[in-house]
Amino acid sequence: MTVTVDEDRFRILGDLMTDTRLDAVAARRPLRPVPAHLMPALDDEGPITELPEPAAPRAAVDDVLFGRTAVRDYEPTPITAAEVAAIFAAAEAMDAQAWPGERDAGLGLELFCAAWRVTGVDTGLYRYLPGRNALRRVANLPAGPEAAELVMQSEFAQAAALLLITGNLAGAVERHGSHGHRLLLSRAGAAGHAAWLAALRLHLAGSVFAGLLPHVLRERAAADGYHRAPLLAFAAAHPAADLAV
Ligand SMILES: Cc1cc2nc3c(=O)[nH]c(=O)nc-3n(C[C@H](O)[C@H](O)[C@H](O)COP(=O)(O)O)c2cc1C
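When we follow the numbering used here, the leftmost residue of the sequence shown carries the number 1, and every step to the right adds one.
So this is what it looks like as C-alpha cells:
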C-alpha cells in the first residue's frame, strides 16, 4: 500500500494553520513580531561541534511507518553524529516548512541535544544550530547511572541521545493569546514526530516523551518555562537486539 505521507501531512498542517488565522481574527489580535524583551536568553559562548552531513535515509517512509512503535529498550551501541544531524535536520525542516510565519516573527523552536553515546560528540547538553548544522555546548551532563536522575523514566537516560524541543511561550502568548500555547505544542509534536520518522528511516528507534525533569533544563539551558519552555523530547538509539527490525 502506498501512502502519500507528505501530502497528508501538509494538508493537516495547512488546516491547523487556517485555525491559527481564524483564532487570531476571533481574538481581534493583529499578528506582530515578538518584542525583544520576551525573547529567551542567548547562550552564545560554548564551544561548537560541527556535525557531518546528515546521514541519508536507509529505508523508505512507507517501509517504516507502519512498524513505528514507542521503543524504550536500547542497545548501548553509539549512534553517529551524521545520524544525529539527520534527526535534528528533520525536526528543524518540519517546523521551517510548516510554520515559516511564526519563525519570521522570532518564534523559532529551539532544539537541544542531550548526547551520551554519539560518535564524535562528547557527552553533554548542546543547542542545535540549524543554520550551520552544528551543536553549541551549553552544559555538562552526568553519564552512566547518574544520568537517570535527569529524567522521570530512567529508561530514557539509556538512549544514545535525546532531542529536546523548547519554545517561547511568552512570545507565543503575546502573539496569539492562549492559542499560542496550543500552537507551540502542535509544532513540537510535528517536529518530534519528524525526528522519530527520520530515526526509523535510519533503522534507529525511540519514542517521543514528555522530556527531562524541568529543573535540568532550567539549571543548564536557562529554560525558565516561559521565555524558553520545554515542550517535547525524542529519545534516539539502536533498539535492543530482540526489538530490532
Ligand atoms: C505529548 C506526548 C508525551 C509523551 N510522554 C511520554 C512519557 O513521558 N513517557 C513515555 O513513556 N511515553 C510518552 N509518550 C509516548 C506515548 O506513551 C507513546 O506514544 C505510547 O506509548 C503509544 O505507543 P506506540 O507509539 O507504540 O503506540 C508521549 C507521547 C506524547 C504524544
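Glycine included, every Cβ here is placed at the ideal spot set by N, Cα and C.
Let me know if ARG220 comes out buried or exposed under the rule of 16 or more other beta-carbons within 10 Å of its beta-carbon.
-> Looking at its Cβ environment, which holds 16 or more other Cβ atoms inside 10 Å, ARG220 is buried.
Taking only heavy atoms of ligand 1 into account, decide whether any of them is closer than 6 Å to the Cβ of VAL216.
-> no
Report, in whole angstroms, the separation of the C-beta atoms of ARG201 and VAL71, which I expect to be a contact under 8 Å.
-> At roughly 15 Å, the Cβ-Cβ gap does not stay under 8 Å, so ARG201 and VAL71 are not in contact.
Backbone CA spacing between ALA210 and ALA233 [nearest angstrom] = 6 Å
Rounded separation between ARG117 and PRO76 - CA only | 8 Å
Listed by chain order, which residues have C-beta atoms less than 6 Å from any heavy atom of ligand 1?
-> Having a Cβ closer than 6 Å to some heavy atom of ligand 1 are THR69, ALA70, GLN153, SER207, VAL208, PHE209, ALA210 and LEU232.
For LEU150, which of helix, strand or coil comes out of DSSP?
-> helix
DSSP-derived helix/strand/coil call for PRO145 | helix
Coarse secondary structure for PHE66, derived from DSSP in three states | coil
How many Å lie between GLU149 and LEU217 at the Cα?
-> 13 Å
Based on Cα-Cα distance, which residue from ARG68, ASP43 and GLU53 lies nearest to ALA59?
-> The shortest C-alpha separation from ALA59 is found at ARG68.
Own chain, CB closer than 6 Å to GLY225, minus 5 neighbours either side, in chain order = none
Kindly indicate the opening and closing residues of the beta strand (DSSP E) around SER207.
-> 205–209
For the candidate residues ALA240, THR49, TRP196 and ALA222, whose alpha-carbon lies nearest to that of THR166?
-> ALA222
Determine contact between the stretch 125–145 and the stretch 97–104, defined as no fewer than three beta-carbon pairs at a distance below 8 Å.
-> no
Count the other CB atoms within 10 Å of the CB of LEU162; is the residue buried (16 or more) or exposed (fewer)?
-> buried
Could you say which of PRO214, ALA229, LEU212 and ALA205 lies nearest to ALA239 if we only look at CA atoms?
-> The question names Ala, yet the displayed sequence has Pro at residue 239. It is ALA205.
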